[in-house]
Amino acid sequence: MPEGDIQAAYCADTFPKIKVFMHEGHRFTNCGGHFSGAIRAAADCYPLIPADEYRGPEPRQYTYEGREAAYQGQVFKLGPKVVFDTSDPTVDEWKHLLRVLYADGGYFAHGVTYLEFLHERLSPRSENEKAAHAKELAECGSTSMPRTQAEMRRLLEGDVPPAQAPTQQMDFGL
């Protein structure tokens with residue numbers, strides 16, 4: 047049984063036959079998820095409780111709690127919903143994610159500079175995202191920060207063109 051493989055345990059499409067994952071020694075099943083923005087995600091999971099040990103509420107509409115489910119030939123009741131939420135990326139991870147979103151055209155980045163993308167197309171929510179956003183805005187003042195999506199893709203690929211050599215003048219004589 048995979049430890050913590052929440053995505054592999056998705057089973058809303060096969061319920062009441064379920065798949066499970068382990069978390070802190072307990073079996074859970076994933077019955078759905080939700081997303082907020084490009085990064086934040088959460089999974090609605092339920093612990094498996096042997097049917098004869100279940101002491102919770104009877105099944106009701108709009109929740110899996112209390113419903114019977116089958117796993118490996120055994121019948122279980124699903125316990126109270128547990129939401130597994132993604133952690134907030136670090137400031138450096140957010141900086142990289144913002145650059146990737148811009149380079150790939152995500153969040154309606156097409157046709158704007160990186161500075162315009164940061165100013166007009168984003169609404170940072172978490173503290174780390176806000177800090178990364180502020181750092182990226184500050185870096186946009188430097189001449190080395192890419193302005194276009196193509197330039198940003200080159201930066202992300204590590205293919206930053208060297209500074210252009212000055213044009214040499216040729217002297218013609220008669």
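Here the sequence shown is numbered in our numbering, starting from 47 and rising by one per residue. We put the beta carbon where it would ideally sit given N, CA and C, even for glycine. All of these numbers come straight from a predicted model, not from anything done at the bench.
The C-alpha of residue 119 is placed about 43 Å away from the C-alpha of residue 136.
Nearest to residue 203 by C-alpha distance, out of 186, 145, 62 and 132, is 145. For residue 198, the enclosing alpha helix (DSSP H) stretches over residues 195-202. The distance from the Cβ of residue 67 to that of residue 50 is about 6 Å, consistent with a contact at the 8 Å cut-off.
Put simply, of 99, 196, 94 and 201 the residue whose alpha carbon is nearest the alpha carbon of residue 71 is 94. For the set 117, 90, 123 and 171, the Cα lying nearest the Cα of residue 104 is the one of 123. For residue 132, the closest alpha carbon among the candidates 87, 61 and 170 is that of 87. Listed in chain order, the alpha helix (DSSP H) elements of length 4 or more contained wholly in the segment 159-200 are 160-166 and 173-185. The beta carbons of residue 55 and residue 74 sit closer together than 8 Å. Nearest neighbour of residue 60 by Cα position, chosen from 100, 83, 187 and 116, turns out to be 116. By the criterion of a C-beta distance shorter than 8 Å, residue 179 is surrounded in its chain by 140, 144, 164, 168 and 170, once the five residues flanking it on both sides are discounted. According to the DSSP assignment, residue 72 belongs to the beta strand (DSSP E) that extends over 72-82. Here residue 118 carries a coil assignment [DSSP, helix/strand/coil].
Take the alpha-carbon of residue 130 and the one of residue 148: they are about 28 Å apart. Residue 77 sits away from residue 52, with the two beta carbons spaced by 8 Å or more.
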